[in-house]
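Chains as they are written, first to last, in this note's numbering: chain H, 1 to 370; chain U, 1001 to 1166.
For glycine and all other residues, C-beta sits at the position ideal for the given N, C-alpha and C.
Quantities reported herein were computed from a predicted structural model and do not represent experimental measurements.
Right under this line is the structure:
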C-alpha cells in the first residue's frame, strides 16, 4: 500500500467506508482491512461478460467513486475481461477469457450483464468464434460463438456467478412480453449447467454500484455468499420496501397525492403513488442509499419509482405511469375500479329489480305475510 | 303454515362478528392499499390501519371457518335458516379474502408462495382489489337475499286470498 502512496490512515478510512457500505459494525473495520490486504495481494479474478444488455450496468458501476472504481478494478480485483472498458480486443481478449477459465478454475467470479438469448441456437448474442463454419448466402464463414456457449464454458469453473442488473437477473426488458430472442435469466441458464453453483441476483435498471461492489466485497471478506432473499438478491440491499423509507411517505400517510404533472408545485413533494410509483411493491434501499454518490434518487427527482429492482420489471410493472395494471376480462381491458363500479351497478339494478318484482309484479304467495 | 326460521344464538353472534370484522377489514384495506381518500390523515394512521386490517382479517377468517364448519358438518339441531349453501360459499370466499389480504400485507412472509403464484406483488394487489369488490358485492347480495327470504320482507301487494294491503 505504501508503495502506491496510500497511507495507513487512508487505508483504514477506506476499510471504514467499506464497512458502512456493507452495513457492518465499525468494530469489523480491522477484519475488513485484513481482507482488503489479502485481496490486494491475491487479486481475486473477475470475468465480466455481457449478454443482451445496454451496458448501462457497466456504466453505472463505473460511477462508483467511493470506493473508487479505478482502485477496485485495478488494485483490489483482477478484472480479466470487461468488454466496455478493456483495451484488448479480438483474439487477444477472448484468449484471456479462455485462459482464465482453464487456469483459474474454481477461483474467478463470473459477472454476467444482460440475459441469455436461447432462440435460434443463441445467435442473437454472440462474441468470439467457435470451431467450425457456417454458410451465409452461399459463403462459408467462421461460426460465431453464442453467449450461451460461453456460459457453458465459464460457469463450471466459476466460484460464484453474479447476475448484474434486472435484465441478467430476471429477464428485464429483453424478456418482456413476446421475446422473440428467447431471453432467459442467468440463474435459469446456470441451473441447467450446475444446480449447485451459487448465483447472486443484483436487480436494478441499472444496478447501483454499491449493490455490486458491496456484494463482491462481502463475498471476498466473508468467503461466503451474503444472505439472499427468495429471488436470490442480497437482503442487505434488497431487504426493505422502498415505500417504507420513502422521503414522501408522510405525504402518502397524509393522503396527499400528486394527481397531475402540471398543476402542482414539485416542492410540495406529494406522494407519486397515483402517478404510477411502484415503491410500495419494490424492495431496494434506494431512498437511503441514493444514487450518483448519494446526490439524489428517482422519487427525489420527482420521478415515480418504476420498480426496476423487482423480478416483475418490466413486463408486469407496466404501464409505468399507472398505479395498477388493467384487468383483462372477456376481451375488455379496464381498471379494477371501473369493473367494480359496473358490477356494483349491476348488483343494485338486480336487487332493485327483484324488489320491485316482488312488490309490484307478482302477488305474494299464499299463507300470510311471506 | 310456514315454519318459523330459527337461528341459534352463537350462529347469530358469529355472523355479526364476521360482518363487523369484514367491514372493518375492507375499510382498513382501502386505507392502506387503495388510498383514494383525500384529505389530511395523521402520519401514524397507516400503522393503525395495517394493525386493524390484520386483526380484522384474522377475525373474518376464523369466524368464517367456524361458521363453515357449523353450516356444513356440525350443523346444530333446529337451525333451519334458509340459504345454507350461500353462506357456505360466503365463508369460503372470506377465507380466500383472508389469504389474499394477508399475502398483500406481508408479501415476503409465510404467504409469499401465493404472491409468487399470482405473479408478484402487483398482481396480488390487483387480485386483492378484485376480491374486495367481489366480497363486498356478494355479501350485499346475501344480505338482500336473506332479507327477501325472511318473514320481515315486506309485501305491499295483496295476497291471492285477501284483498287490501298486507
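By the beta-carbon neighbour count (other beta carbons within 10 angstroms, threshold 16), residue 328/H is exposed. For residue 229/H, the chain U residues whose Cβ falls inside 9 Å of its Cβ are 1108, in order along the chain.
Annotated as distal: residue 94/H and residue 122/H, with beta-carbon spacing of 8 Å or more. Under a criterion of Cβ atoms nearer than 7 Å, the residues of chain H adjacent to residue 1144/U are, in order, 351. In this structure, residue 116/H places its C-beta atom within 8 Å of the C-beta atom of residue 186/H. At a cut-off of 8 Å between beta-carbon atoms, residue 197/H makes no contact with chain U.
The Cβ of residue 311/H sits closer than 8 Å to at least one Cβ of chain U.
Residue 47/H counts as buried, since at least 16 other C-beta atoms from the protein chains shown sit within 10 angstroms of its C-beta. For residue 93/H, the uninterrupted alpha helix (DSSP H) run begins and ends at 90–103, by DSSP. Straight-line spacing of the CA atoms in residue 59/H and residue 43/H works out to 22 Å. Positions of the alpha helix (DSSP H) runs, each at least 4 residues long and wholly inside the region 169–226 of chain H, are given as 186–193 and 209–222 in order along the chain. Chain-ordered, the chain U residues with CB closer than 8 Å to the CB of residue 354/H read 1144 and 1148. According to the DSSP assignment, residue 139/H belongs to no alpha helix (DSSP H) but to the beta strand (DSSP E) extending over 139–146.
The three-state secondary structure of residue 357/H, taken from DSSP, is helix.
Taking 8 Å as the CB threshold, residue 102/H stays off the interface with chain U. In this structure, the CA atom of residue 257/H is about 10 Å from the CA atom of residue 268/H. Residue 110/H sits in a strand when the DSSP states are folded into three classes. Taking 7 Å as the upper bound on Cβ-Cβ separation, chain U lies near residues 336, 340, 343, 344 and 347 of the region 335–348 of chain H. Not flagged as an interface residue toward chain H: residue 1077/U, since no C-beta distance is shorter than 8 Å.
The beta carbon of residue 1006/U sits no closer than 8 Å to any beta carbon of chain H. Exclusion of the five residues before and after residue 151/H leaves 116, 189 and 193 as the residues of its chain whose Cβ lies within less than 7 Å of its Cβ. Only residues of its own chain outside the window of five on either side were considered, and among them 193 and 194 have a CB closer than 7 Å to the CB of residue 156/H, listed in chain order. When 61/H, 102/H, 135/H and 182/H are compared, the shortest CA-CA separation from residue 51/H is found for 182/H. Contact holds between the region 1063–1074 of chain U and the region 1015–1023 of chain U, because three or more Cβ pairs, one in each stretch, are under 8 Å apart. In this structure, the straight-line span from the alpha carbon of residue 294/H to that of residue 1117/U is close to 36 Å. By the Cβ rule, the region 1086–1105 of chain U counts as touching the region 1050–1064 of chain U, because three or more pairs are nearer than 8 Å. At a cut-off of 8 Å between beta-carbon atoms, residue 1057/U makes no contact with chain H.
For residue 117/H, the pairing in a beta bridge is given by DSSP as 183/H.
Burial is judged here by how many other beta carbons sit within 10 angstroms of a residue's own beta carbon; residue 91/H has fewer than 16 and is exposed. The beta carbon of residue 317/H falls within 8 Å of a beta carbon belonging to chain U, placing the residue at that interface. Boundaries around residue 45/H are those of the beta strand (DSSP E), 45–50, since no alpha helix (DSSP H) includes it. Ranked by how close their Cα comes to the Cα of residue 1089/U, the residues 1078/U, 1148/U, 1141/U and 1114/U have 1141/U in first place. Minimum Cα-Cα distance from residue 233/H among the listed residues 284/H, 216/H and 201/H corresponds to 201/H. Neighbours of residue 327/H in chain U, taken as residues whose beta carbon is under 9 Å from its own, are 1126, 1129 and 1130 in chain order. The beta carbon of residue 357/H is closer than 6 Å to none in its chain, skipping five residues each way along the sequence. Distances from the CA of residue 83/H to each of 57/H, 174/H, 336/H and 209/H were compared; the closest alpha carbon is that of 57/H.
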